[in-house]
Amino acid sequence: MAYKYKFEKILTIKEREKEEVSTTYNQSVKRFEEAAEKLYEVLKKKEDLEQFQLEKLTTGLSVREIRHHQRFVGNLEKTIEHNQKMVVNARNTMSFYQEKLVEKNLEVKKYIKIKEKDFTKFIELEKALEAKQMDDISLQVYMQPGKLGG
């Protein structure tokens, strides 16, 4: 008799759900990395600009150039603030899907564990049935000794 797991369809559905959440989680990780990279680039640009300003201040800067740099730094700070919010949102989304993925992994593991126990029980029943059949055959052979040519 072939083994048939009674929750196979549910296990298949749970595995599919896990794969979908895994894909979504991986996408959220990618979005987080992209947002973090943009933030890093803007922070680096601001740092470079401030370093450039310091160097220029030692050699002399006009008031117009100072104002221009201040406006540019102000715009960079707004961009930094925006990118920081994007990073926080991306991190929150990533954490949410990470929790979902952990939940789905646990669900799948539960059904796999149930399947393993069920299969073990199936094997034990098969062995018991086989042993009973062997006993029945032995008993029949014993009861009919003339059929073996004895």
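Per this note's numbering: the sequence shown = residues 57 to 206.
Glycine included, every Cβ here is placed at the ideal spot set by N, Cα and C.
Note that the structure is predicted; figures quoted are calculated from it, not measured.
Exposed unless 16 or more other CB atoms sit within 10 angstroms - verdict on residue i
| i | result |
| --- | --- |
| Y81 | buried |
| K160 | buried |
| Y153 | buried |
| F175 | exposed |
| K70 | buried |
| F108 | exposed |
| A184 | exposed |
Three-state class that DSSP yields for residue i in the structure shown
| i | result |
| --- | --- |
| Q200 | coil |
| F88 | helix |
| K130 | Correcting the residue identity first, residue 130 is Gly in this sequence and not Lys. Helix, per DSSP. |
| A184 | helix |
| S118 | coil |
| A58 | coil |
| E175 | Note that residue 175 is Phe in the sequence shown here, rather than Glu. F175: helix per DSSP, three-state reduction. |
C-beta atoms of residue i and residue j nearer than 7 Å
| i | j | result |
| --- | --- | --- |
| A131 | V98 | First, the amino acid is wrong: residue 131 is Asn here, not Ala. Not in contact: N131 and V98 (Cβ atoms no closer than 7 Å). |
| M142 | S84 | no |
| Y208 | K171 | This structure cannot speak to residue 208, because the chain is shown only from 57 to 206. |
| S78 | L157 | yes |
C-alpha distance - residue i paired with residue j, whole-angstrom precision
| i | j | result |
| --- | --- | --- |
| L110 | E121 | 12 Å |
| K86 | H124 | 35 Å |
| K166 | I66 | 11 Å |
| A58 | I168 | 18 Å |
| F178 | E76 | 32 Å |
Own chain partners of residue i with C-beta closer than 7 Å, once the 5 adjacent residues on each side are dropped
| i | result |
| --- | --- |
| V119 | none |
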